[in-house]
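Colleague: Note that the sequence shown covers residues 1179 to 1616 in the working numbering.
Glycine included, each C-beta is placed from N, C-alpha and C at the ideal position.
Note that the structure is predicted; figures quoted are calculated from it, not measured.
After the structure tokens below, expect a handful of questions from me.
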Amino acid sequence: MNVLLIGGGGREHALAWKIAQSSLLDELYVSPGNPGTVRHGRNVELDLKDQKALRRFLLEKRIRIVVVGPETPLVEGLHDRIAADPELAGHVTVIGPKQAGARLEGSKEFAKEFMFRHNIPTATFRAFGKDQLKEAIEHVERMAPPYVIKADGLAQGKGVVIAADQKEAVRTLKDMLGSGRFGAAGERVVIEQFLEGIELSAFLITDGEAFKMLPAAKDYKRIGDGDTGPNTGGMGAVSPVPFADKEFMQKVHDRVAAPTIRGLREEGIPYQGFLFMGLMNVNGEPYVIEYNVRLGDPETEAILPRLRSDLLDLFEGISSGTLSERHVDVDDRTCATVVLASEGYPGTYEKGRAILGLDQVREAHVFQAGTAEKGGALVTEGGRVLAVTAFGKDTEQAIMQVYRSVMLIDFEGKQYRSDIGHDLVRVPAVRPGAPQQA
Ligand code: AMP
Ligand code: GLY
């Protein structure tokens, strides 16, 4: 079957790599793709907003499956447009929800209300509109710090502020509701209870009826070692997550995943594709921080290598509504992913720097995120440039392996976190050969 994959980052390179391994695949097209995806399919430039051109492409190339990597096309209704097109309906399956389902990510207020309607554990919250700045400030004055303030709409991961004191909280509210700095995304804000715990990313795939849990991963969001500095899209990932043991993941399945899929069905919201549950483990209990209607980046680069099942077989299960009969088989080894970023990221960064050493890497997958080809050479193009993934029999081995490969790759200004996964490795209480304590 022929597949179109939408997107051009590290997540999409990992998806293209995985899809290309399927015995069910005939042709893979990636739009826009990147120099990494070229090795697994054909890159094409499609204007997704041009319905006529999109329709022509899908028909001409006999595309059966459209896999949408990022959230924006889904929130903007790409799935709805394909489904409503009489020439495409019935021929093309979109992996990713329609607009109604994409609101789980597109509107924080919608997501919070949905969770409360379906008894899904999450922080308590209140939402305020543009004309309620005074009420929002009064609300904050009644609360204890820290304050979690979120712009309602999509804000490229920059719409969440954790304010340490009231002064900062009030300034943030004025910024969001008063000044319009976040545009339409900030016209409403959500103020939530602060959750104390450890974060992880859980994933499922669903055809709207059945769902299958995919491997969970821990994402490292801050730019600096020891979780310091500004937030990024994610600087590394580890899968599985040792603190998300069987018992915890069963709770995620029963209390979060199952009621979410049931709730969508009950509300008549069709949903097919991936669902990303951003969770906080609070004393062994899962709370939802956010939903995303797609896979995570760089989590995908750490979970797809562990997936033994044929991804296209799962997509076919979505297409025919028979996902319940498919099997998700997972490698129980650990994957560690380290992101190599450009100098200056997550602020403004340099581009066009030559990337060297990729041919030296033997024991890791290198997924390309922000790269370009210039005069036959591979150069940096985005903030996050590469995602390097290695396997190990446990977290410690995976970390050692991935950093050995990271050392082989170079470009001017390369920055990466040197502590990915370090918090997950338990230092043995008694080392072999060390004197035993009485
Ligand atoms: P979000 O974009 O909703 O994932 O939020 C960005 C980050 O803010 C999360 O990854 C968490 O680290 C943090 N965060 C969001 N909501 C809360 C909360 N209620 N309590 C504590 N931290 C939070
Ligand atoms: N790594 C977090 C995300 O993809 O949103």
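Over the uninterrupted alpha helix (DSSP H) stretch that includes P1437, give me the two end residues.
Modeller: Segment 1436-1444, the alpha helix (DSSP H) holding P1437.
Colleague: Check this for me: beta carbons of G1404 and I1298, under 9 Å apart or not?
Modeller: No.
Colleague: Taking contact to mean 3 or more Cβ pairs, one atom from each stretch, closer than 8 Å, check whether the segment 1476-1490 and the segment 1304-1322 are in contact.
Modeller: The segment 1476-1490, when compared against the segment 1304-1322, does not touch it at the 8 Å Cβ threshold.
Colleague: Would the beta-carbon of F1372 be found less than 8 Å away from any heavy atom of the ligand AMP?
Modeller: Yes, Cβ of F1372 sits closer than 8 Å to a heavy atom of the ligand AMP.
Colleague: Alpha carbons only, please: which of M1455, M1321, R1531, N1461 is nearest the one belonging to D1397?
Modeller: Selected option, being the one with the closest Cα: M1455.
Colleague: Alpha carbon to alpha carbon, how far is I1260 from G1279?
Modeller: Cα to Cα, the separation comes out at about 15 Å.
Colleague: Please classify H1543: does DSSP put it in a helix, a strand, or coil?
Modeller: Strand at H1543.
Colleague: Kindly provide the chain-ordered list of residues whose Cβ lies closer than 5 Å to any non-hydrogen atom of the ligand GLY.
Modeller: Per the Cβ criterion, the list is D1397, G1412, G1474, D1475.
Colleague: Once DSSP output is grouped into helix, strand and coil, what is the label at R1189?
Modeller: In this structure, R1189 counts as helix in the three-state DSSP scheme.
Colleague: T1271 and F1493: beta carbons closer than 9 Å?
Modeller: Against a cut-off of 9 Å, the Cβ pair of F1493 and T1271 comes out as a contact.
Colleague: Count the other CB atoms within 10 Å of the CB of P1610; is the residue buried (16 or more) or exposed (fewer)?
Modeller: For P1610, the predicted structure reports a pLDDT of 46, less than 50, and the residue's modelled location is therefore unreliable. The matter cannot be settled from this model.
Colleague: CB of K1399 to nearest heavy atom of the ligand AMP: below 8 Å?
Modeller: Under cutoff, so the answer is yes.
Colleague: Throw me the rounded Cβ distance for the E1528 and G1522 pair, which I believe falls under 8 Å.
Modeller: That belief holds up - the Cβ atoms of E1528 and G1522 are roughly 6 Å apart, short of 8 Å.
Colleague: Nearer than 8 Å: is that true of the beta carbon of K1424 relative to any heavy atom of the ligand AMP?
Modeller: False, no ligand heavy atom lies under 8 Å from that Cβ.
Colleague: Beta-carbon within less than 8 Å of L1457's beta-carbon, same chain only, minus the 5 sequence neighbours each way: which residues are those?
Modeller: Only E1377, L1378, S1379, A1380, V1430, V1434, P1464, Y1465, V1466, I1467 meet the Cβ criterion.
Colleague: Touching or not, the segment 1578-1593 and the segment 1235-1245, by the rule of three or more beta carbon pairs under 8 Å?
Modeller: With a cut-off of 8 Å, the segment 1235-1245 and the segment 1578-1593 do not count as touching, because too few Cβ pairs lie within range.
Colleague: If you compare alpha carbons, which of D1228, L1518, G1185, V1253 is closest to Q1277?
Modeller: Among D1228, L1518, G1185, V1253, the Cα nearest to that of Q1277 is on V1253.
Colleague: Assuming contact is defined by CB atoms lying nearer than 9 Å, are A1194 and L1183 in contact in what I supplied?
Modeller: In contact: A1194 and L1183 (Cβ atoms closer than 9 Å).
Colleague: Closer than 8 Å is the cut-off here; do at least three beta carbon pairs connect the segment 1217-1235 with the segment 1552-1561?
Modeller: Too few Cβ pairs lie closer than 8 Å, so no.
Colleague: Please name the residue in F1294, V1181, A1198 whose C-alpha comes closest to that of P1437.
Modeller: Per the Cα distances, F1294.
Colleague: Closer than 7 Å by C-beta to A1616: which residues in its own chain qualify, once you throw out the five before and the five after it? Chain order, please.
Modeller: In this prediction, A1616 scores a pLDDT of 38, lower than 50, which makes its location untrustworthy; the coordinate-derived value is nonetheless stated afterwards. Here the set comprises nothing.
Colleague: Measuring only the C-alpha atoms, how far is T1406 from D1597?
Modeller: If I take the Cα positions, the gap works out to 11 Å.
Colleague: Could you tell me which whole beta strand (DSSP E) segments of length 3 or greater appear in the segment 1380-1437?
Modeller: Counting only runs of 3 or more, we get 1389-1397, 1400-1402, 1406-1409, 1414-1417.
Colleague: Go ahead and pull the three-state DSSP assignment for L1355.
Modeller: Three-state result, L1355: helix.
Colleague: Have a look at V1603 and Q1428 and give me their C-alpha separation to the nearest angstrom.
Modeller: When rounded, the distance between both Cα atoms is 23 Å.
Colleague: Do P1418 and R1484 have their beta-carbon atoms positioned less than 9 Å apart in this structure?
Modeller: Against a cut-off of 9 Å, the Cβ pair of P1418 and R1484 comes out as a contact.
Colleague: Please go through the same chain and pick out, in chain order, the residues whose beta-carbon is closer than 6 Å to the beta-carbon of G1618, but skip the five residues on each side of it.
Modeller: Absent from the structure is residue 1618, since the part of the chain shown begins at 1179 and ends at 1616.
Colleague: What is the rounded straight-line gap between the Cα of E1574 and the Cα of F1372?
Modeller: For E1574 and F1372, the distance between alpha carbons rounds to 31 Å.
Colleague: Ordered along the chain, which non-local residues of its own chain (more than five positions away) have a Cβ less than 7 Å from that of E1319?
Modeller: So the qualifying residues of the chain are Q1344.
Colleague: Can you give, in chain order, each stretch of the alpha helix (DSSP H) that sits fully within the segment 1231-1287 and has at least 4 residues?
Modeller: List check, alpha helix (DSSP H) in window: 1250-1253, 1256-1262, 1277-1284.
Colleague: Decide if Q1546 is buried, meaning its Cβ has at least 16 other Cβ atoms within 10 Å, or exposed.
Modeller: When all chains shown are included, Q1546 counts as buried.
Colleague: Can you tell me whether DSSP reads Q1593 as helix, strand or coil?
Modeller: Three-state result, Q1593: strand.
Colleague: Assign G1247 to one of two classes, buried (16 or more other C-beta atoms within 10 Å of its C-beta) or exposed (fewer than that).
Modeller: Classification of G1247: buried, given that the 10 Å Cβ count is 16 or more.
Colleague: Could you spell out the range, first to last residue, of the beta strand (DSSP E) harbouring Y1325?
Modeller: Its beta strand (DSSP E) spans residues 1325-1329.
Colleague: Name the residue from G1591, E1387, T1515 whose alpha carbon lies nearest to the alpha carbon of T1526.
Modeller: Measuring from the Cα of T1526, the nearest candidate turns out to be G1591.
Colleague: Between the Cα of Q1538 and those of A1568, G1554, S1520, I1587, spot the shortest distance and give me the residue it belongs to.
Modeller: Considering only alpha carbons, the answer is I1587.
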